[in-house]
Amino acid sequence: MGSNEWKVKVVLVTGAARGLGAAIAGNLVEAGARVVLTDIDEAAGSATAGAMGAAFFRHDVTSEADWERVIESVVETTGGLDVVVNNAGIETAALLVDCELRDFQRVMAVNADGCFLGTKWALRVMRPGGASGRGGVVVNLSSVAGLVGVVGLGSYCAAKGAVRLLTKSAALESARLGYGVRVNSIHPAIIKTDMGAAVVRSMTELGLAPDVEAADALIRQMHPMGYGRPEDVAEAVRYLASASGRWVNGAELVLDGGLTAG
Ligand SMILES: NC(=O)c1ccc[n+]([C@@H]2O[C@H](COP(=O)([O-])OP(=O)(O)OC[C@H]3O[C@@H](n4cnc5c(N)ncnc54)[C@H](O)[C@@H]3O)[C@@H](O)[C@H]2O)c1
């Protein structure tokens, strides 16, 4: 059941056509928020948004022109913007000795540049005097791969590590300059979305496991509480973006069942 708090909030979730973004958007629609889904995949994005009765915009998070257009349209049509969830992301699996520069740069572009642009435009529009101007919350999707290194995921780790410290800098800047915007990062371990399943498969492609079943067993064993669920991430976003999280700023919320605790 939604609270009155959510009924007055406008939320933008990037990369929301599927996976974690769709779960986050669905959770917040259920809470009563006015949610706008965006994604580079127009067909899947509009279908997902349509099923939730939410709005959809085609949006490539690596394009600043797209950010300007989308944020302007959201504020124009809803009267403001309270929460931006920078969720869009990609991964590529390769040993560093084999990783092509263009693949590294693409992973940095979507995960790190995308998060930078989303944080920048959220702060601009939410700070006092901005087009929305009533403060707000930014939640950035990093990963456990933004906290520790992972064999075969060097590019992804570099990008998610960048997201972690971009988040902390934004949190400090916003607090010091009185923007009224809290900025936090979330660090999930593996969840079997399209991306999560691809990470498991990549173990075999990199020669780190003989087959997918063995890769799955190996990765499952690394997770003390098993794989996470999209809802685990959605609930964490809902907490960070709610009034209950009012003193949480620049934090890294680790959702990994204890994977990185040891
Ligand atoms: N699934 C996991 O195990 C896991 C773990 C830790 C962190 N994450 C992070 O969570 C986020 C969501 O992951 P997911 O598992 O749902 O991935 P996913 O691959 O299932 O979905 C990602 C979505 O992002 C969209 N996207 C890709 N490039 C884009 C671009 N340039 N602009 C806009 N949208 C774009 C895709 O179309 C897709 O709909 C990502 O940032 C990912 O790195 C995922």
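Counting from 1, position 185 in the sequence shown corresponds to residue 184 in numbering that gives the first Met the number 0; the numbering is continuous, with no gaps. Heads up, the beta-carbon is just placed ideally off N, CA and C, and yes, glycines get one too.
Nearer than 7 Å: is that true of the beta carbon of residue i relative to any heavy atom of ligand 1?
i: Leu140; result: yes
i: Gly195; result: yes
i: Pro223; result: no
i: Pro209; result: no
i: Ala87; result: yes
i: Leu19; result: yes
i: Ile189; result: yes
i: Glu172; result: no
i: Asn26; result: no
i: Glu90; result: yes
i: Val73; result: no
i: Ala16; result: yes
i: Gly113; result: yes
i: Asp40; result: yes
i: Val82; result: no
i: Thr13; result: yes
i: Asp59; result: yes
i: Thr192; result: yes
i: Val109; result: yes
Secondary structure at residue i, three-state DSSP: helix, strand or coil?
i: Thr37; result: strand
i: Ser142; result: coil
i: Arg245; result: coil
i: Pro127; result: coil
i: Val147; result: coil
i: Met0; result: Because the pLDDT at Met0 is just 47, under 50, the model does not fix this residue reliably, and the point stays unresolved.
i: Trp120; result: helix
At what residues does the beta strand (DSSP E) containing residue i begin and finish?
i: Val12; result: 9 to 12
i: Ile218; result: No beta strand (DSSP E) contains Ile218, which is instead part of the alpha helix (DSSP H) from 211 to 221.
i: Ser184; result: 180 to 187
i: Asn85; result: 82 to 85
For the alpha helix (DSSP H) that contains residue i, what are its first and last residues?
i: Ser173; result: 153 to 175
i: Glu251; result: Not the alpha helix (DSSP H): Glu251 falls in the beta strand (DSSP E), residues 251 to 254.
i: Met202; result: 193 to 204
i: Arg237; result: 229 to 240
Return yes when at least one heavy atom of ligand 3 lies under 7 Å from the C-beta of residue i, else no.
i: Thr118; result: The model on display carries ligand 1 but not ligand 3.
With a threshold of 8 Å between beta carbons, is residue i in contact with chain B?
i: Ala16; result: Of the protein chains in the structure, only one exists, and it is not chain B.
Review point. Counting only runs that start and end within the segment 18 to 76, where is the beta strand (DSSP E) found for 3 or more residues in a row?
Key: Runs of the beta strand (DSSP E) inside the segment 18 to 76: 33 to 38, 54 to 57.
query = What are the uninterrupted segments assigned as alpha helix (DSSP H) that are 4 or more residues long and contained completely in the segment 94 to 118, given in chain order?
reply = Here the runs fully enclosed are 100 to 106.
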